[in-house]
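Below: the structure, in structure tokens.
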Amino acid sequence: MASEKSPSLNALRVFAVAAHADSFKQAAQQLGVSQSNITRQIQALEEQLGTRLFQRDNRVHALTPAGEALAPDLLRLFKELDRTVERTRHIGDSELTTLRIALPESLLRWWLSSRLAEFYALYPHIQVQFNTVPLFPDANERANICAQLQHEQLDVAIHYGHLRDKALKQVALYTPTYVPVAPMHSDKALASRPWLVDVNAPYWLHFKKAQAHLAKQLKAHPVGNSNIAVDLIQGTDQITLIDQLFLAHTLLRDYVKHTEYQVTLPEPVALTLKQRQRQPVALVAFVKWLEARLASSLAGNVRPN
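Heads up: the sequence shown runs through residues 16 to 320, numbered per our numbering.
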């Protein structure tokens, strides 16, 4: 008589292997157990099901009709179970602990990179994979960021301004203030010295409005972005505009800062991620850490020279 108790999962797996092996001995070798263990598991399963699964003939390793009916479906189910377990293992080892973050190169270079050791020390199980995006993305770049977040090719994107997409959650990190700086002091008037700036960037457009009198007197030398400008003015009295957040960096802290001409942009640098009912733990940890470190940096911003 069949038992009302559900068959053992282990016994079912033993049967699935034995049914497709040439003998119980071969099944035992595949599973790394003794042949007697295989026999006991099969007998227990037959008792639970109330039917024989193998012919009782030592000369022939053959299934009964019940065994033939059970074996194919059982093998398929265990293969699917193995695939599911492997996917789960991969998610646990990779997806849930690896964050894919896209951010401006300037933020990574001048602020975040020197602080990552602290994050890794706090969260050694979280890996971070970085990609760069423009600080001031145009319409096509904004659409691409939205698509990558929606399709979970990215976990986080950091950029200036808000993205218009209701499927995404956006957090204002800080409102950037750009300060005219030079590597060394000069007695020359600011307007007579070369200014290296990204002429299409919002910081320059707002600088020209806020400091219209000075802007009309000087000639801007166009560069692709602020990182290029910083590299080009090294060892000179030339001027560029740098996010005040970055001025605590060891390579920038001694720059001459003309804070009387600084300009604060109208929109914040934002962090964007996909809307979810429950965000992954690793993602929450990174966002909270980032917000705390930014608050600390902004509270201790360098003072003007």
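C-beta: ideal position from N, C-alpha, C; glycine also.
| Asked | Found |
| --- | --- |
| Start and end residues, beta strand (DSSP E) containing Trp126 | Neither: Trp126 is in no beta strand (DSSP E) and is coded neither H nor E. |
| Three-state class that DSSP yields for Leu276 in the structure shown | Residue identity check: residue 276 is Tyr in the sequence provided, not Leu. Tyr276 falls in the helix class under three-state DSSP. |
| Selected residue, minimal CA-CA separation from Pro209, among Pro198, Tyr218, Ala216, Asn215 | Pro198 |
| Neighbourhood of Ala285 by C-beta, 8 Å cutoff - its chain only, sequence neighbours within 5 removed | Ile173, His174, Tyr175, Gly176, His177, Leu178, Gln185, Val186, Ala187, Leu188 |
| Trp126 versus Arg308 - alpha carbon distance | 10 Å |
| Whole beta strand (DSSP E) elements within the region 190 to 251, 3-residue minimum | 192 to 197, 210 to 212, 235 to 237 |
| Limits of the unbroken alpha helix (DSSP H) element including Arg28 | 24 to 34 |
| Continuous beta strand (DSSP E) stretch holding Leu260: start and end | Leu260 -> no beta strand (DSSP E), and no H or E assigned at all. |
| C-alpha gap between Ala31 and Leu78, whole angstroms | 11 Å |
| Of the listed residues Glu167, Pro195, Val214, nearest to Phe151 (C-alpha basis) | Val214 |
| Three-state class that DSSP yields for Phe301 in the structure shown | helix |
| Status (buried if at least 16 other CB within 10 Å, exposed otherwise) for Gln14 | This structure does not reach residue 14, given that the chain is present from 16 up to 320, and the question cannot be answered. |
| Within 7 Å, strictly: CB atoms of Gln232 and Ala206 | yes |
| Residues that Thr287 bridges to, as DSSP identifies them | Ala172, Gln185 |
| Sequence-distant residues of the same chain with beta carbon closer than 8 Å to Ser38, five excluded per side | His76 |
| Separation of Gln294 from Glu110, as counted between CA atoms | Reliability fails at Glu110, whose pLDDT of 47 lies under 50, so the model's placement of it is uncertain and no value is given. |
| Pairwise C-alpha distance: Ala297 and Cys161 | 21 Å |
| Status (buried if at least 16 other CB within 10 Å, exposed otherwise) for Leu288 | buried |
| Reduced DSSP category for Gln58 - H, G, I as helix; E, B as strand; rest coil | helix |
| For Leu183, the nearest candidate out of His221, Pro281, Gln292, Val194 (CA to CA) | Gln292 |
| Selection from Ile248, Val299, Trp219 that minimises the alpha carbon distance to Leu266 | Ile248 |
| Top-ranked residue by Cα proximity to Asn146, from Glu167, Leu123, Pro139, Leu131 | Leu123 |
| 7 Å CB neighbourhood of Gln290 in its chain, flanking five on each side removed | Ala182, Leu183, Lys184 |
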